[in-house]
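The UniProt record's numbering puts the first residue of the sequence shown at 1, with every later residue one more than the last. Idealized CB from N, CA, C, for every residue including glycine. Predicted model only: the values in this text are computed from it and were never measured.
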Amino acid sequence: MSAGTPGSTQSDPSKPGPEPASETGGLDARVTVRRGQFVLAVDVQVARGETVAVLGRSGAGKSTLLRTLAGLLPLDEGRITLAGQVLDDPTQHRFVPSERRPVGVVFQDYLLFPHLRARDNVAFGVRARLGQGRRHARERADSWLERFGIGELGDRRPGALSGGQSQRVALARALATEPRLLLLDEPLAALDTTTRGEVRAFLRTVLPTLSAPVLIVTHDPTDAEVLADRTIAFEGGHVVDTAA
Ligand SMILES: Nc1ncnc2c1ncn2[C@@H]1O[C@H](COP(=O)(O)OP(=O)(O)OP(=O)(O)O)[C@@H](O)[C@H]1O
């Protein structure tokens, strides 16, 4: 799944350099965000079709990065460009709010609406993001649930789903809106060991089929090894290591 992964290039001045990731459907983020005493200052590029894992101890700034990319925190300095669209640039007074960003997010505790059936949880995002009618949104939701092997669970409410099933619904909800960027924040952390292995194996089959860039935050090096094309390690708000 390394399509579009930046490779090494010969520095021939007669040839143009590699295109920025955002020009080819990827993510270019130069991020400076202050939260109290904490400063996150990182540059992150993810190519279209590439999965990058963000590792680091608690408090390193991983969630702050995802919240910034999702539009839940504004940049103090820098610029976020996704597939050629500027999402945040304080110097240009440009800030696309979270509800208008083509970004899918899955959190560790899946945050499904408890009163909505699985189908309607997925359809909700489709209606809100893509502005489609109820019937079309539900059909679309059913096809995503089907694709994720849980088509028969569309009528269940989250309380009647297992952790692994809920996480598949959350992923279906994120992907059904056709995001141009997928953010996974510790998507396996809340699951027991067996379910964790199952959902990890599931993600391993799904992520390579996506054409969007994917960022996955995890504490677990196994997740990074199995799911990501490369890893970035954060410490104290900075990138301290990168590995292919
Ligand atoms: N609302 C806030 N106000 C002030 N500081 C905050 C706020 N939220 C987070 N921080 C600080 O920002 C820093 C980075 O937090 P962040 O949640 O991004 O870390 P993390 O790497 O995701 O940690 P974890 O793995 O525990 O989720 C921490 O030092 C934290 O205390």
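- Assuming residue 200 contacts residue 182 (C-beta within less than 8 Å), just tell me the rounded distance between them. That belief does not hold up - the Cβ atoms of residue 200 and residue 182 are roughly 16 Å apart, past 8 Å.
- Which residues share a DSSP beta bridge with residue 80? Among the bridge pairs identified by DSSP, residue 80 is matched with 29 and 88.
- Message: Could you compute how far the alpha carbon of residue 42 sits from the alpha carbon of residue 49?
- Response: Using only the alpha carbons, I get a separation of about 21 Å.
- Item | Counterpart residues of residue 235 in DSSP-defined beta bridges | DSSP, once it has assigned bridges, lists 238 as partnering residue 235.
- Query: Which residues in the same chain as residue 108 place their Cβ atom closer than 7 Å to its Cβ, once the five residues preceding and following it in sequence are excluded?
  - Reply: Counting only Cβ-Cβ distances below 7 Å, and skipping sequence neighbours, we find 185, 186, 187, 189 and 190.
- Query: For residue 44, which three-state DSSP category applies?
  - Reply: Look at residue 44 here: in three-state DSSP terms it is strand.
- Task: Please check if any C-beta of chain D sits within less than 8 Å of the C-beta of residue 181.
- Result: In summary, chain D is missing from the structure at hand, where a single protein chain is found.
- Check whether the Cβ of residue 64 lies closer than 7 Å to any heavy atom of ligand 1, and answer yes or no. Indeed, a heavy atom of ligand 1 lies less than 7 Å from the Cβ.
- Message: One question on the structure: do residue 163 and residue 195 come within less than 8 Å of each other, judged by their Cβ atoms?
- Response: Yes, the pair counts as a contact, with Cβ atoms nearer than the cut-off.
- Task: Determine the extent of the alpha helix (DSSP H) in which residue 120 is found, giving its start and end residues.
- Result: In this chain, the alpha helix (DSSP H) harbouring residue 120 covers 118 to 130.
- State buried or exposed for residue 211, treating a residue as buried only when at least 16 other CB atoms are found within 10 Å of its CB. Classification of residue 211: exposed, given that the 10 Å Cβ count is below 16.
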